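Quick mapping for you: the protein sequence lines, in order, are chains A and B. Quick note on numbering: the first sequence equals residues 187 to 541 in the numbering used here. Quick note on numbering: the second sequence equals residues 187 to 541 in the numbering used here. Comments concern the structure below.
There are 2 protein chains.
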Amino acid sequence: MTGSAQPRSERLQGRRATINDIARLASVSKKTVSRVINQSPFVKEETRARIDAVIQQIGYIPDPQARGLAFRRSFLLGLVYDNPNAQYIVNIQDGALDALRGSGFELVVHPCDRLSEDFVPGVRRFVERQKLHGVIFLPPVSEDQALSRALQEMDCQYVRIASVRMDNTSRMIVSNDREATAEAATYLEALGHRRIGFIAGPPQYRSTHERQIGFMNALEKRGLVIPSELIVEGAYSFESGVACAEALLAQRPRPTAIFACNDEMAAGVYKAAYRLKILIPEELSVIGFDDSPMAARLSPALTTIRLPIREMGRLAASKLIPSNAPEEGDTGGAARIMLHLVVRDSSQPPSSPAG
Amino acid sequence: MTGSAQPRSERLQGRRATINDIARLASVSKKTVSRVINQSPFVKEETRARIDAVIQQIGYIPDPQARGLAFRRSFLLGLVYDNPNAQYIVNIQDGALDALRGSGFELVVHPCDRLSEDFVPGVRRFVERQKLHGVIFLPPVSEDQALSRALQEMDCQYVRIASVRMDNTSRMIVSNDREATAEAATYLEALGHRRIGFIAGPPQYRSTHERQIGFMNALEKRGLVIPSELIVEGAYSFESGVACAEALLAQRPRPTAIFACNDEMAAGVYKAAYRLKILIPEELSVIGFDDSPMAARLSPALTTIRLPIREMGRLAASKLIPSNAPEEGDTGGAARIMLHLVVRDSSQPPSSPAG
DNA sequence: CCATTAAATGACACCGGTTTCTCCCGGCTA
DNA sequence: TAGCCGGGAGAAACCGGTGTCATTTAATGG
């Protein structure tokens with residue numbers, strides 16, 4: 187009895203089970219097992235059941251490397267981003283991973299430097315070496331034209347997350363930055379603000395223009411034009427936010443509200459106000475953009491435009507993996523993400539309305 | 187002439203070059219090319235040079251999937267973390283990717299839920315399916331005993347990032363939380379603070395105990411014992427920070443300083459102080475822990491203990507990849523990370539020293 | 001009942017590498 | 001000169017799957 191123990195795992199000592207083991211145990215060829223794994227319709231129900239049973243019993247999991255080798259494609263998705271944005275990446279990531287759960291795909295992260303000489307070749311190497319199943323590009327890489335061209339000839343599907351549609355062919359997750367900033371502008375105007383400072387982003391980002399256009403147009407519609415001295419250009423960084431806010435707050439009459447094109451810069455506004463002993467929101471209303479984790483943690487909590495980052499990541503990933511039920515709102519090409527203003531404690535009517 | 191053009195890329199039309207192409211072009215067997223790729227010493231210098239030349243010229247890159255299949259191991263590193271900590275993960279990640287650059291390894295991220303039934307099996311599946319070359323565990327997963335046991339039998343090297351040494355065998359990146367909080371405590375005491383509130387973390391984290399012990403011991407050494415009503419237990423979350431701070435600030439006499447065991451909760455202290463119209467730092471000094479991106483963006487900028495997260499990620503990854511020059515400070519087993527207090531604007535001597 | 005056809009399955013090569021084993025060759029020893 | 005040794009290189013099998021195509025089986029028609 188002792189020698190012939192271990193009835194089940196014949197010859198499978200410690201080794202991971204392979205497709206051959208399953209084939210042998212189910213008395214079929216490995217090809218048929220392969221058919222079952224890949225859900226081929228040409229397998230008799232009875233055979234499929236038998237094979238499935240063996241797979242279950244053994245706890246067999248096909249090797250993604252071997253599968254990928256044969257498929258000439260991996261089961262990896264790439265997430266490509268440029269360093270500076272660091273803050274929200276984890277959320278995109280978690281959203282994407284949400285969509286990937288149970289799909290057999292994994293997410294490989296790949297930061298890069300868009301200004302480097304090696305930017306496009308680097309991304310290209312990454313995609314080709316790993317034979318990625320798909321790639322998600324975050325802004326600002328998602329807006330890069332050179333990369334866009336390189337991708338055309340690379341036989342790799344990808345999704346871009348950006349604030350404007352790039353072309354009609356590729357898949358995108360587009361946010362309606364214009365309408366969102368319009369909403370913020372309308373809100374401020376309705377509160378009674380007339381002297382409003384605007385801190386824009388750096389010109390190389392598409393979102394910069396979108397946000398500014400939406401904001402200004404909405405104000406103009408309500409008969410308000412912001413003088414150019416109240417529009418300053420930031421760099422989407424905290425430090426630039428401080429500097430821009432100081433410039434704005436040095437003017438007389440002082441603006442009663444400042445809209446910053448992202449939360450980082452809005453935090454900079456807080457800092458400047460703190461230094462100048464200007465109270466938020468009593469003497470200055472502040473609105474940001476992103477609803478980054480920090481927004482709700484500032485005191486007072488920042489009124490901002492919510493970017494449903496996680497949801498966007500989820501959508502992007504789900505566009506890249508084969509799935510039976512297409513995501514709701516998935517029109518095949520671009521998916522529009524609706525942004526909205528989240529009113530918190532950093533905004534209120536001006537104490538002494540101008541005009 | 188027209189027909190026989192394209193002199194170089196014989197038969198290699200659009201296809202990616204393989205080891206066979208290199209072998210053919212260099213007039214050697216594929217095995218010899220493989221030897222060159224893997225830096226085998228048994229290749230004549232002349233042969234190696236010829237092969238290298240062809241590789242360069244063609245721009246050949248070995249396929250990691252095929253290589254992995256033969257090696258029974260992938261060229262992927264896993265980064266396993268539990269969701270809630272989201273904030274600093276990107277930094278660990280970028281640090282790790284720093285170390286991976288050019289190594290041929292890639293990083294696969296894998297969030298998980300430590301409280302789920304499927305936690306250990308899930309991580310196990312991840313590691314085994316992908317045949318990971320190595321894994322990095324972040325706290326609190328890095329402290330999990332069940333996972334630790336499961337890993338023993340899994341033939342996969344891993345590094346744990348944590349605040350205490352777990353055992354002597356496995357590789358770790360350990361931070362000296364005790365000494366760091368001791369430094370903060372000493373600093374506060376030296377400023378003249380006598381009534382100091384302490385917001386601890388949740389008991390299931392090892393770091394919670396470490397930080398508390400270090401803090402309290404240092405104060406005791408200087409003859410100061412914090413009464414139990416000034417020690418409250420938070421959950422490492424913003425909301426818990428608010429609640430704990432409100433509890434502390436409701437006491438009379440009010441504490442003149444509060445140490446929160448992470449920056450999230452410190453931001454909560456800011457919030458509570460803001461609501462109660464208590465000025466930081468004039469009426470209340472606040473110290474946090476982590477030096478998260480938010481710390482410097484709060485107003486006033488938060489005095490906190492800097493966790494060199496990025497550096498820790500870099501170290502962890504470099505411990506997992508084969509490298510000629512071992513990292514400095516790499517003693518093979520655990521690497522100690524030194525933390526230090528970063529004094530910013532949220533701390534100053536109390537306005538009316540107690541005692 | 002056999003021919004015809006579609007469904008179901010299997011044999012074998014292949015994906016792009018590595019490992020194992022064998023062979024060849026030149027130099028050294030006996 | 002035979003015999004041994006070890007560096008250098010190649011042939012063939014293998015890693016664990018999939019593609020192609022042929023073959024078997026079952027279902028249908030005449």
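The C-beta atom is built at its ideal place from N, Cα and C for all residues, glycine as well. It should be emphasised that the depicted structure is a prediction, and the values quoted were computed from it without experimental measurement.
Residue-level contact to chain B via CB, M340(A), 8 angstroms cutoff: Translated into positions along the first sequence, residue 340(A) becomes position 154. By this cut-off, M340(A) is not an interface position.
Buried versus exposed call for Q242(B) [16 or more other C-beta atoms within 10 Å across all chains shown]: Residue mapping note: residue 242(B) aligns to position 56 of the second sequence, counting from 1. That one is exposed.
Cβ-based contacts, 7 angstroms cut-off: residues of the stretch 451 to 477 of chain A near chain B: A453, Y456, K457, Y460
R530(A) CB to nearest heavy atom of the ligand FMN below 7 angstroms: This structure does not include the ligand FMN; it has no bound ligands of any sort.
6 angstroms Cβ shell around E419(A) - same chain, five flanking residues per side excluded: What you label residue 419(A) is simply residue 233 of the first sequence in a count that begins at 1. Closer than 6 angstroms at Cβ, skipping near neighbours: A386.
Outcome for A235(A) when other beta-carbon atoms lying within 10 angstroms are tallied against a minimum of 16: If you number the first sequence from 1, residue 235(A) lands on position 49. When all chains shown are included, A235(A) counts as exposed.
Residue interval of the beta strand (DSSP E) (run including V294(A)): What you label residue 294(A) is simply residue 108 of the first sequence in a count that begins at 1. Its beta strand (DSSP E) spans residues 292 to 298.
Of the residues V229(B), I523(B), V294(B), the one placed nearest E365(B), counting alpha carbons only: The residue given as residue 365(B) occupies position 179 in the second sequence. The option with the nearest alpha carbon to E365(B) is I523(B).
Opposing strand residues paired with E419(A) [DSSP bridges]: The sequence position of residue 419(A) within the first sequence is 233, counting from 1. According to DSSP, which records beta bridges pairwise, E419(A) is partnered with A386(A).
Bridge partner(s) assigned by DSSP for T489(B): Here residue 489(B) is taken as the residue at index 303 of the second sequence, counted from 1. According to DSSP, which records beta bridges pairwise, T489(B) is partnered with I473(B).
V455(A) and G427(A) closer than 8 angstroms at C-beta: Taking the first residue of the first sequence as position 1, residue 455(A) is located at position 269. Taking the first residue of the first sequence as position 1, residue 427(A) is located at position 241. Yes, they are a contact pair.
Where L263(A) falls: helix, strand or coil (DSSP): The residue labelled residue 263(A) in the question sits at position 77 within the first sequence. Correct three-state label for L263(A): strand.
Given 8 angstroms, three or more beta-carbon pairs between the stretch 521 to 537 of chain A and the stretch 464 to 482 of chain A: yes
Cutoff 8 angstroms: M352(B) Cβ touching any chain A Cβ: Mapped onto the second sequence, residue 352(B) falls at position 166. False, the Cβ-Cβ gap to chain A never drops below 8 angstroms.
Distance CB(S279(A))-CB(L265(A)) smaller than 8 angstroms: Here the question's residue 279(A) lines up with position 93 in the first sequence. Here the question's residue 265(A) lines up with position 79 in the first sequence. A small correction: the amino acid at residue 279(A) is Gln; Ser does not occupy that position in the sequence shown. Yes, they are a contact pair.
Near-chain A residues of the stretch 296 to 325 of chain B (beta-carbon distance less than 9 angstroms), N- to C-terminal order: H296, P297, R311, F312, E314, R315, Q316, K317
Proximity of G281(B) and R500(B) at Cβ, strictly below 8 angstroms: As a first step, residue 281(B) must be located in the second sequence, where it is residue number 95. As a first step, residue 500(B) must be located in the second sequence, where it is residue number 314. Yes. Within cutoff.
Rounded C-alpha distance that separates T204(B) from R253(B): Here residue 204(B) refers to the residue found at position 18 when the second sequence is read from its first residue. Here residue 253(B) refers to the residue found at position 67 when the second sequence is read from its first residue. Those two C-alpha atoms are separated by around 12 angstroms.
Whole-angstrom distance between L337(A) and S356(A), CA atom to CA atom: For the purposes of this step, residue 356(A) is taken as the residue at position 170 of the first sequence. For the purposes of this step, residue 337(A) is taken as the residue at position 151 of the first sequence. Computed Cα separation, rounded: 11 angstroms.
Q437(B) vs E406(B) beta-carbon contact at 8 angstroms: Taking the first residue of the second sequence as position 1, residue 437(B) is located at position 251. Taking the first residue of the second sequence as position 1, residue 406(B) is located at position 220. No, the Cβ-Cβ distance between Q437(B) and E406(B) is not below 8 angstroms.
Where the stretch 269 to 287 of chain B meets chain A: residues whose CB sits under 8 angstroms from a CB there: N269, A272, Q273, I275, V276, N277, Q279, D280, L283
Extent of the continuous alpha helix (DSSP H) to which F257(A) belongs: Here residue 257(A) refers to the residue found at position 71 when the first sequence is read from its first residue. 250 to 257 is the extent of the alpha helix (DSSP H) around F257(A).
Contacts around L470(A), its chain only, beta-carbon distance under 6 angstroms, and the 5 residues preceding and following it disregarded: Start at 1 with the first residue of the first sequence, and residue 470(A) comes out as number 284. Cβ neighbours of L470(A) beyond the five flanking positions: A459, I464.
Closest residue to D341(B) among Q225(B), L318(B), F305(B), V229(B) (Cα-Cα distance): Counting from one through the second sequence, the residue named residue 341(B) turns up at place 155. The option with the nearest alpha carbon to D341(B) is L318(B).
Nearest candidate by alpha-carbon position, reference S361(B), set A371(B), S349(B), T394(B), A370(B): Taking the second sequence and counting its residues from 1, the one referred to as residue 361(B) is at position 175. Checking every option, the nearest Cα to that of S361(B) belongs to S349(B).
Extent of the continuous alpha helix (DSSP H) to which V276(B) belongs: Walking along the second sequence from the start, residue 276(B) turns up at place 90. It spans 275 to 286 - the alpha helix (DSSP H) in which V276(B) sits, taken as one unbroken run.
Test item: CB-CB of V294(B) and E292(A) under 8 angstroms: As a first step, residue 294(B) is located in the second sequence; it is residue number 108 there, counting from the start. As a first step, residue 292(A) is located in the first sequence; it is residue number 106 there, counting from the start. For V294(B) and E292(A), yes; Cβs fall inside 8 angstroms.
Cross-strand partners of M358(A) (DSSP beta bridge): On the first sequence, residue 358(A) is found 172 positions in, with the first residue counted as 1. Its beta-bridge partners are R346(A), A520(A).
N-terminal and C-terminal residue of the beta strand (DSSP E) that G320(A) is part of: Within the first sequence, the letter at position 134 stands for residue 320(A). Unbroken beta strand (DSSP E) run through G320(A): 320 to 323.
Contact with chain B by A252(A), beta-carbon distance below 8 angstroms: If you number the first sequence from 1, residue 252(A) lands on position 66. Yes, A252(A) lies at the interface with chain B (some Cβ there is under 8 angstroms from its Cβ).
Under 7 angstroms by beta carbon: chain B residues contacting V529(A): Position 343 of the first sequence holds residue 529(A). Those do not exist, as V529(A) stays about 17 angstroms from chain B at its closest Cβ, beyond 7 angstroms.
Supposed contact pair A453(A) and D484(A) - C-beta distance, whole angstroms, cut 8 angstroms: As a position in the first sequence, residue 484(A) is number 298, starting the count at 1. As a position in the first sequence, residue 453(A) is number 267, starting the count at 1. The sequence given here has Leu at residue 484(A), not Asp. Rounded, the Cβ-Cβ distance is 6 angstroms, consistent with contact.
A503(A) versus R311(B): straight-line alpha-carbon distance, rounded: Position 317 of the first sequence, counting from 1, holds the residue named residue 503(A). Position 125 of the second sequence, counting from 1, holds the residue named residue 311(B). Going by the C-alpha atoms only, they are around 21 angstroms apart.
Proximity to R492(B) [Cα-Cα], best of F401(B), M402(B), D363(B), I382(B): Against the second sequence, residue 492(B) aligns to sequence position 306. Closest by alpha carbon: D363(B).
Residue from F261(A), E432(A), A446(A) whose Cα sits closest to the Cα of L462(A): Residue numbering aside, residue 462(A) sits at position 276 when the first sequence is read from its first letter. Taking only the C-alpha atoms, the option nearest L462(A) is E432(A).
Chain A residues whose Cβ lies nearer than 9 angstroms to that of I223(B): Translated into the one-based positions of the second sequence, residue 223(B) becomes position 37. Within chain A, no residue comes near I223(B); the closest Cβ sits about 14 angstroms away, beyond 9 angstroms.
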